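In my numbering, the protein residues as written are 509 to 1043.
Quick reminder that beta carbons are idealized off the backbone N, C-alpha and C, glycines included.
What you are looking at is a predicted structure, and each value in this text was computed from that prediction instead of being measured.
Report on the structure given below.
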Amino acid sequence: MVMEDLRARCEAAGQEQLLQFWEDLTAEEKISLEEQINALNLTDINEYYRRTQTIKKGAAVDDQLEPLEPEVCGGTTRTPDHFLELYRNTGLEKIANGEVAVLLLAGGQGTRLGVSYPKGMYNVGLPSRKCLYQLQGERIIRIEQVAAEKYNKHGNVPWYIMTSEATKAKTSEYFQKKSYFGLKKENVIFFEQSTLPCLTFDGKIMLEGKAKIAKAPDGNGGLYRALGSSGVLQDMIGRGIKHIHVYCVDNILIKMADPVFIGFCVTKEVQCGNKSVEKTNPTEPLGVVGKVNGTYQVVEYSEMALKTAQLRTPDGRLKYNSGNIANHYFHIDFLADIVRNHDGELTHHIAKKKIPCVNEVGEPVKPTRPNGIKMEKFVFDVFRFAQRFCCWDVLREDEFSALKNADGAAESTPTTCRHALYALHYKYILNAGGRFSDSTGSVLPEIPGHVSPILDETREKGYMNGSNADEASSSSDEEVKKSLVVEISPLVTYAGEDLEYLVSGNIYAAPLIIAASKESVGQSRIRKPSFIVDK
Ligand code: UTP
């Protein structure tokens, strides 16, 4: 009887393939599959799929696209220093007042990177062996400290971490094991986003096993539903949080609770803000922020015709050049409005993926080419509900290097991330008055010209062959040769500040590692009053 009812419901929804192996299942498996089907709203799933099919690509968006108004835009390279200082101080004051939170989107499955644990636990092979979560946690500690020193008041920056079925247990266990990287446990709040079944290209729910539905997280835009259902929105309101910085787990250069960005958004009194990097090449696969039909939106590169992507302004820059890096500001009132009133209006997008499944005889298959779709909401799809919006451009080399792929891929790998961090920290040392010498002892020019500073490549490799080398990436020799290994602990500096007294006038032979005195850097150390400089 129960079975007949189940079959009737699946058939009514056109999803009868879910029961195709029913006769082969044990009693336990039948119960499990039935529970999984009961947990789904088949009507909603079919409707989400139907709506994804109505999203038009290409010309339709181009015809309605306009650039952002100049008055909503700003950027680090075109803002006078005194305004940058003003924004920074505004942001620091909000941090010191305890009004700022960071929210990490960490529910993705990281399939391209291909490790069996959450991406945030990945160690890209820095000398310190810190994983992405640790770098982020320590940046929170440091920015709280900078704000407290400036405003004589300590505000906590709560860290809200959105996980999914795929990442929740491992992430929370890892944080516990690592003592929350020095943060207070009560200020690290985990919550879980929902999942949706994976579908074939024609909308049929896929089976991962004979009695197991293939599921995936519902995209980083699953955030809004999860904020409501988990009670996290209420938690934020209860703590007096007003400004929320939302970011992705994979950007190794992420500036947690960036006071400059927050200060810009606060000064502009916006509901929502976007941090972007300049897109310089029309065919770069990066979505851009613009206005579509009068509302703020991120237009994916695949949704724009080449002729539109190639348009330029009179000064030669791309007309649509604010490249989206999933780095956002939300005012709490806006976030609450989205969660309470607009989440249901967000449409899922489809991502074609290689989805492990069973074949027609129930054998497991690991596809080598995309064989189905995941339905995902995007975090930035709520921009269209904002009347007051701003966009803040930052330098890519200072703020964005994403870990997407395993080493061997052309870009966004552990090696490119590691080298982006070294290059930034190298710049911090030069800006603070330090210099570097090569392996012969000659001082390297500040601007090395066409000759990249070549260092002893065995030293970088030496750092990377440590005890947890299974998690560390390996790197290509060519890249190692070009790299200058400089790593400064986030506990020492957040964005290059407070380094002068430590490094000014000094000449270092890389690798150079600067850590706070309580940190272990595992190599020979020179002790300074409150720092360890390892070179
Ligand atoms: P990506 O789209 O790059 O996905 O996520 P991913 O999971 O990291 O990697 P692939 O595509 O499987 O290789 C961008 C950000 O959005 C988060 C990710 O954790 C990452 O921080 N995300 C993605 C979620 O929080 N939930 C999701 O459902 C999807």
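What are the residues that DSSP puts in a beta bridge with Y668? Looking up residue 668 in the sequence shown gives position 160. Note: Y668 sits in a beta bridge opposite L611 and I697.
When we look at the beta-carbon of I955 and count the other beta-carbons within 10 Å, is it buried (16 or more) or exposed? On the sequence shown, residue 955 is found 447 positions in, with the first residue counted as 1. So I955 counts as exposed.
Residues bridged to R943 [DSSP beta-bridge criterion]: Translated into positions along the sequence shown, residue 943 becomes position 435. Partner(s): I1015.
So what does DSSP say about V796, is it helix, strand or coil? Along the sequence shown, read from residue 1 onward, the residue named residue 796 stands at position 288. DSSP places V796 in strand when its eight states are reduced to three.
Decide yes or no for the touch test of the region 631 to 648 against the region 580 to 588: beta carbon pairs closer than 8 Å, at least 3 of them. no
Report, in whole angstroms, the separation of the C-beta atoms of H751 and I721, which I expect to be a contact under 8 Å. Here the question's residue 751 lines up with position 243 in the sequence shown. Here the question's residue 721 lines up with position 213 in the sequence shown. Not a contact, Cβ separation roughly 39 Å.
Give the straight-line distance between the Cα atoms of V887 and M744, rounded to the nearest whole angstrom. As a position in the sequence shown, residue 887 is number 379, starting the count at 1. As a position in the sequence shown, residue 744 is number 236, starting the count at 1. Approximately 18 Å, taken between the alpha carbons.
Please classify D758: is it buried, with 16 or more other beta-carbons within 10 angstroms of its beta-carbon, or exposed? Here residue 758 corresponds to residue number 250 of the sequence shown, with the count starting at 1. Per the 10 Å Cβ criterion, buried.
Closer than 7 Å: is that where the CB of V757 sits relative to any heavy atom of ligand 1? To locate residue 757, count along the sequence shown from 1; it is residue 249. Yes.
May I ask you to report which of helix, strand or coil DSSP gives C773? Within the sequence shown, residue 773 is the residue found at index 265, counting from 1. In the structure shown, C773 sits in a helix (DSSP, three-state: H, G or I).
Status (buried if at least 16 other CB within 10 Å, exposed otherwise) for P878: Here residue 878 is taken as the residue at index 370 of the sequence shown, counted from 1. Exposed: under 16 other Cβ atoms inside 10 Å.
Hey, would you say the C-beta of E884 is under 7 Å away from at least one heavy atom of ligand 1? Here the question's residue 884 lines up with position 376 in the sequence shown. Flag set: Cβ of E884 near ligand 1.
Please determine if the region 735 to 742 and the region 888 to 903 are in contact, where contact requires at least 3 C-beta pairs separated by less than 8 Å. no
Hey, Q617 and A724: beta-carbon distance below 8 Å or not? Within the sequence shown, the letter at position 109 stands for residue 617. Within the sequence shown, the letter at position 216 stands for residue 724. Contact flag set, yes.
For ligand 1, is there a heavy atom less than 7 Å away from the beta-carbon of N605? The residue given as residue 605 occupies position 97 in the sequence shown. No.
Output yes or no for whether 8 Å exceeds the beta carbon distance between G663 and A604. On the sequence shown, position 155 is the one that residue 663 refers to. On the sequence shown, position 96 is the one that residue 604 refers to. In this structure, A604 lies closer than 8 Å to G663 by Cβ.
Would you kindly report the start and end of the unbroken alpha helix (DSSP H) that includes T560? As a first step, residue 560 is located in the sequence shown; it is residue number 52 there, counting from the start. From DSSP, the alpha helix (DSSP H) with T560 extends over L550 to T560.
For the region 786 to 803 against the region 682 to 694, are there 3 or more C-beta pairs whose distance is under 8 Å? no
Straight-line CA distance for L794 to A834? Your numbering for residue 794 matches position 286 in the sequence shown. Your numbering for residue 834 matches position 326 in the sequence shown. C-alpha separation (whole angstroms): 11 Å.
Limits of the unbroken beta strand (DSSP E) element including L704: Here residue 704 refers to the residue found at position 196 when the sequence shown is read from its first residue. First-last of the beta strand (DSSP E) with L704: T703 to P705.
For A1081, which residues in the same chain have their Cβ closer than 6 Å to its Cβ, ignoring the five residues on either side in sequence? With the chain covering 509 to 1043 only, the question about residue 1081 has no answer from this structure.
With N782 as the anchor, note down where its beta strand (DSSP E) starts and where it stops. Position 274 of the sequence shown, counting from 1, holds the residue named residue 782. Segment C780 to E786, the beta strand (DSSP E) holding N782.
Are S997 and A1023 touching if we call contact CB-CB under 8 Å? Numbered from its first residue, the sequence shown carries residue 997 at position 489. Numbered from its first residue, the sequence shown carries residue 1023 at position 515. Yes, they are a contact pair.
Opening and closing residue of the beta strand (DSSP E) in which G717 lies: Numbered from its first residue, the sequence shown carries residue 717 at position 209. First-last of the beta strand (DSSP E) with G717: L715 to G717.
Can you tell me whether I881 is buried or exposed? The criterion is at least 16 other CB atoms within 10 Å of its CB, across all chains shown. Here the question's residue 881 lines up with position 373 in the sequence shown. Buried.
Is the region 909 to 916 touching the region 592 to 601, taking contact as three or more C-beta pairs under 8 Å? no
Just to confirm, does M629 get its C-beta within under 7 Å of one of the non-hydrogen atoms of ligand 1? On the sequence shown, position 121 is the one that residue 629 refers to. M629 Cβ: outside cutoff for every heavy atom of ligand 1.
Y1009 burial status per 10 Å Cβ neighbour count (16 or more: buried): As a first step, residue 1009 is located in the sequence shown; it is residue number 501 there, counting from the start. Answer is exposed; the Cβ neighbour count stays below 16.
When every heavy atom of ligand 1 is checked, does at least one fall within less than 7 Å of the C-beta of A834? Residue 834 sits at position 326 when you count from the first residue of the sequence shown. Within the cutoff, so yes.
Measure the C-alpha to C-alpha separation of L892 and V778 and round it to an integer number of angstroms. Looking up residue 892 in the sequence shown gives position 384. Looking up residue 778 in the sequence shown gives position 270. One point to set straight first is that residue 892 is Arg, not Leu, in the sequence displayed. Near 13 Å, if we compare the C-alpha coordinates of V778 and R892.
DSSP three-state assignment for N973, whether helix, strand or coil: Numbered from 1 along the sequence shown, position 465 holds the residue referred to as residue 973. Residue placement at N973 cannot be trusted, given a pLDDT of 36 that sits under 50; what the coordinates show is reported in the next sentence. In this structure, N973 counts as coil in the three-state DSSP scheme.
Starting from S830, trace the beta strand (DSSP E) in both directions and tell me its first and last residue. For the purposes of this step, residue 830 is taken as the residue at position 322 of the sequence shown. It spans S830 to H839 - the beta strand (DSSP E) in which S830 sits, taken as one unbroken run.
Rounded to the nearest angstrom, what separates T876 and T791 at their Cα positions? One-based indexing of the sequence shown puts residue 876 at position 368. One-based indexing of the sequence shown puts residue 791 at position 283. Between T876 and T791, the C-alpha separation is close to 26 Å.
Buried or exposed for A817, going by 16 or more other Cβ atoms inside 10 Å? Your numbering for residue 817 matches position 309 in the sequence shown. It counts as buried.
Contact check, S680 vs F698, beta carbons under 8 Å: Counting from one through the sequence shown, the residue named residue 680 turns up at place 172. Counting from one through the sequence shown, the residue named residue 698 turns up at place 190. The answer is yes: Cβ separation under 8 Å.
Three-state secondary structure (DSSP) of Y625: The residue labelled residue 625 in the question sits at position 117 within the sequence shown. Looking at Y625 - three-state DSSP - the assignment turns out to be coil, as it is neither helix nor strand.
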